[in-house]
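Here this note's numbering is used: position 103 in the sequence shown is 387, and no number is missing along the way.
Virtual Cβ for every residue (Gly too), placed ideally from N, Cα, C.
Since the structure comes first, as structure tokens, the remarks are kept for the end.
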Amino acid sequence: MNCKIYAKTELNPTEDIDKVTKTLKNMFDYDDMEIGENYVLVSGEKESITNLRKELKERKIRSVARKMMLKGIGANKIHFKLSKQAAFVGVPNFVEDDLSPLGEIDVEIETNDVQRFIDWIAPEIKSV
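Next up, the structure:
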């Protein structure tokens, strides 16, 4: 399964660039970083999202993650948002709307097999 991960967040004038990059590093083990005038964008391959995958499992929020990802399916893409404030302390928190004055992390995953990717990162939990 081929994947390309993009995570972008606003860089507000009052924010420390080191804290914003730490926030992204807490969720993603990215390959590349682009710092623009008012944003930070990180990107990578499937391995870049293993930190997030691990946190989803440990915090037992894979079913929530799965629902949010299924809602964000497009043509060979998955889109969802994470709370930037929660990510700063290493906690993945999926959000539907822009809730924080600091903004959110917009995540886009391009893959040749959307369903297989979702099954990998947030497997469906079978009830017994």
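Contact between N360 and A370 is ruled out by a C-beta separation of about 28 Å, above the 8 Å threshold.
Our two residues, D390 and I362, have alpha carbons roughly 11 Å apart in a direct line. Relative to the Cα of N296, the nearest Cα in the group E321, D313, Y314 belongs to E321. By the CB criterion at 7 Å, L308 and V326 fall inside the cutoff. For the pair I345 and D300, the Cα-to-Cα distance works out to about 29 Å. Residue state for F401 is assigned as helix, using DSSP reduced to three classes. Taking C-beta atoms as the reference points, D315 and N335 fail to come closer than 7 Å.
Sequence-distant Cβ neighbours of M353 in its own chain, meaning closer than 7 Å and more than five residues away, are I362, F364, I402, A406.
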